[in-house]
Amino acid sequence: MLIADQDSSVIVVDATPFHPVDHTWPDQPGDSGTITLGDTRLDVSEAVMAALSDEGEFAVADEIPVKRGAEGWTWLVGHRVDGGIPASVAAGGSVTLSVDADRRAGLSRGHTACHLASLALDAAVADLWRKEIGVDPLGNPDFEGRANQTSRIHPDGSVDEYRLGKSLRKAGFDSAGFADSFAEREARINEVLAGWVASGGESRIEVDGPSIVDRRTWRCTLPEGEVGFLCGGTHVRSLTEFSSITVALDLSDPQLLVMTTTAGPA
Ligand SMILES: [Zn+2]
342 MLIADQDSSV IVVDATPFHP VDHTWPDQPG DSGTITLGDT RLDVSEAVMA
392 ALSDEGEFAV ADEIPVKRGA EGWTWLVGHR VDGGIPASVA AGGSVTLSVD
442 ADRRAGLSRG HTACHLASLA LDAAVADLWR KEIGVDPLGN PDFEGRANQT
492 SRIHPDGSVD EYRLGKSLRK AGFDSAGFAD SFAEREARIN EVLAGWVASG
542 GESRIEVDGP SIVDRRTWRC TLPEGEVGFL CGGTHVRSLT EFSSITVALD
592 LSDPQLLVMT TTAGPA
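Per this note's numbering, the sequence shown starts with residue 342, numbered consecutively.
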């Protein structure tokens, strides 16, 4: 299927190795790479979600009017290429798809590092909760689930923003205590992450089916036990793929914690 407008075109194929950016929670960028057919090579700038409604409406990325996986839509991966599509690439033809493997590997390290950093953050602020709240997969109060506002993954890292406003204080979080002990908390997170990297545990994804919207669970073996949660992204296969994972915390706006995570490839 080929859909073109002036600036870019989107190609949909039967099956693809490209991982798209999720239009509902766009934390991990879509894969880039190439599509080739004979002598024609098209550069895919980014893989995106695409959806076809039962009524025949086709929508791409931000234009999809419903949440990922909504009923009444067939869910697809769109391959965005700049400009138009040459006549040699026609609907129904066979093409070869190739993902930029280095970039994908960097994004997978960035995504796994992002999840591990959030678990280490939960652990490092666990004593600051004055009320009972839900727990994360390691049994610590789920600071991530309560306060995370945005998560942006890039090759070998991520940036997460946490809202430390009134509603978090009302939920029982000691924001003042956090601000006072900020440097020690950051050091504690980095200590925990170094231990996890050194443990070299397994990391994997479980999928319920072959579609891009089938339920996917990330699982990782840590010294404390196995953790897992729903996640549509890509991940490393083992923590031995890291030489290090470190975070830097920024609280220049006292209402907003910014955690920048950096992964070193092994
Ligand atoms: Zn995830």
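Just so it is clear, CB atoms sit at the ideal spot from N, CA and C, and this is done for glycine as well. Fair warning: this is a prediction, and the values are worked out from it, not measured in the lab.
- Put simply, the backbone Cα of Pro564 is about 13 Å away from that of Leu457.
- A direct Cα-to-Cα measurement between Asp384 and Ser522 gives close to 48 Å.
- The stretch 537 to 549 and the stretch 566 to 586 touch, with no fewer than 3 CB-CB distances between them shorter than 8 Å.
- In this structure, His456 has its CB closer than 7 Å to one or more heavy atoms of ligand 1.
- Scanning Gly419, Arg421, Ala392, Val422 for the CA closest to the CA of Lys408 turns up Ala392.
- It is roughly 33 Å from the alpha-carbon of Arg557 to the alpha-carbon of Ala431.
- Near ligand 1, meaning a Cβ closer than 5 Å to any of its heavy atoms, lie the following residues in chain order: Cys572, Gly574.
- For Gly433, the closest of Val354, Ala604, Asn531, Asp497 by C-alpha to C-alpha distance is Val354.
- By the Cβ test, the stretch 471 to 483 is not in contact with the stretch 437 to 454, since fewer than three Cβ pairs between them sit closer than 8 Å.
- With 16 or more other Cβ atoms inside 10 Å of its own Cβ, Leu598 counts as buried.
- For the pair Gly574 and Pro496, the CB atoms are not nearer than the 8 Å cut-off.
- According to the DSSP assignment, Gly518 belongs to the alpha helix (DSSP H) that extends over 516 to 521.
- Straight through space, the alpha carbons of Met600 and Ile530 are spaced by roughly 11 Å.
- DSSP, reduced to helix, strand and coil, places Leu505 outside both helices and strands of the structure shown, so it counts as coil.
- The secondary-structure analysis by DSSP pairs Leu462 with nothing; it has no beta-bridge partner.
- Contact check for Val436 against Ser350 fails: the beta carbons are separated by 8 Å or more.
- Just measuring C-alpha positions, the residue of His420, Ala607, Gly486, Pro595 sitting nearest Ile586 is Ala607.
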